[in-house]
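Sequential numbering from 1 applies to the sequence shown in UniProt numbering.
Okay, so here's the structure we're looking at.
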Amino acid sequence: MITTVTMNTSIDKAYFMDHEVQNGTVMRVSRCRNSAGGKGLNVARAVKLCGEKVQATGLAGGFNGKYLESLLEKDEVQYQFLHIAGETRCCINILDECYGSTEYLEPGCEVAAEEEDRFLQRFPEIIQKSKIITISGSVPRGISKNIYAKMISKAKEMGKKVILDTSGELLKEGIKAKPTVVKPNQDEIELLYEVEIHTIEDVIKYARKIYEQGIPYVVISLGGEGALMVCEEGVFQGKPPKLEVVNTVGCGDSMVGGLAVALERNYTSQEALKFAVAVASANALSPNTGDFKPEICEKILSEVTVKRL
Ligand SMILES: Nc1ncnc2c1ncn2[C@@H]1O[C@H](COP(=O)(O)OP(=O)(O)OP(=O)(O)O)[C@@H](O)[C@H]1O
Ligand SMILES: [Mg+2]
């Protein structure tokens, strides 16, 4: 089984507008879609679609927390959240023809130190039956910046493999605990090393730097260019075919889902890269996050190329 961790969950509300948004007026929403949000929940949906067993964990609170759980039931994703006193936040994405997507992200509630401790205490029991753990995204206010490092150390001590997909201080601290895989995108390595990256050689250079810190698989996602992997066998690039993209939000999360499934199935590193690129790119063809049509994914998989750099 695969467990996906989402500390900063939300109710994601997509507002589809028939008319161009005009500030300072009353706007009527033509259609609204609510989904269980937070990057790890996109990972969970992608894993489920690949046909592997998955459970979601993290923090959920209040009536929105309960609603989040009911949305996951519709997605047929099992969950074990720690219930916190604060209310799970809402994030609104307004979609209109003129501006495309405009997002309003609530700050979310503050989590108490005692709630963080309780989550860490329950964590070993939650992940007990899983072979692979994914940790994604940001954390709510009040949570320590080394919480992911603590989770990674515990999971590794229990013999689990861990995939970390986050940014900034959380990524920096998390790397110190040596997860099995990290999956930053180009912006995230630029932030990590405070540099600007212009060439694929630069990407390889910084991916190697992370690898040398004891991370067995460093996967850098490069949007439509696919992804680069540095591992013991060498450096590889996986490229998807050219696609008529619908929505790339959640592509990185779907890639993490693909990597988790590949680890669960003991794929070789090159097979894992190929599979993860296919799952991620299939997500770009769906309007929803962590969503794809399995038959489209199969077709893309047959067209993904992997070459040694
Ligand atoms: N335009 C695209 N065409 C084909 N595949 C894409 C495209 N954009 C993304 N992908 C696929 O998704 C993978 C991850 O994308 P990306 O690098 O954008 O991740 P990300 O920035 O972490 O995304 P997010 O965090 O929003 O989920 C890529 O490696 C690629 O396989
Ligand atoms: Mg990402």
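Where a beta carbon is used, it is the ideal one built from N, C-alpha and C, also for glycine.
Please read these numbers as outputs of a predicted model, since none were measured by experiment.
Three-state class that DSSP yields for residue i in the structure shown
i	result
D12	strand
Y31	Checking the sequence shown, residue 31 turns out to be Arg, not Tyr. DSSP places R31 in strand when its eight states are reduced to three.
F119	helix
V218	strand
E103	strand
M229	strand
N288	coil
A282	helix
V261	helix
G62	helix
V47	helix
S138	coil
G159	coil
Check: residue i C-beta below 8 Å from any heavy atom of ligand 2
i	result
K172	no
D165	yes
K39	yes
E271	no
E188	yes
K150	no
K161	no
Same chain only: Cβ atoms within 8 Å of residue i, ignoring 5 sequence neighbours per side
i	result
K48	V54, D75, E76, V77
6 Å Cβ shell around residue i - same chain, five flanking residues per side excluded
i	result
K274	G238, V304, V306
S269	C231, E233
Y193	Y206
R208	V230
Nonlocal neighbours in the same chain, by C-beta distance under 7 Å from residue i, ignoring five residues either side
i	result
G226	Q237, G238, K239, P240, V277
K145	E169, L170, E173
L68	T9, I11, A36, A60, T88
residue 310	Past the boundaries of the shown model lies residue 310; the chain is included only from 1 to 309, so the question cannot be answered.
Practice problem: Would you list the residues whose beta-carbon is nearer than 6 Å to any heavy atom of ligand 1, in the order they occur in the chain? | Solution: N185, S221, L222, G223, G224, G226, A227, P240, L243, V245, T248, V249, G250, C251, G252, D253, M255, V277, A280, S281, A284
Quiz item: Does the pairing of the region 158–175 with the region 278–298 give three or more beta-carbon distances under 8 Å?
Solution: no
Exercise. Pair every Cβ in the region 250–270 with every Cβ in the region 176–188, then say whether three or more of these pairs are closer than 8 Å.
Key: yes
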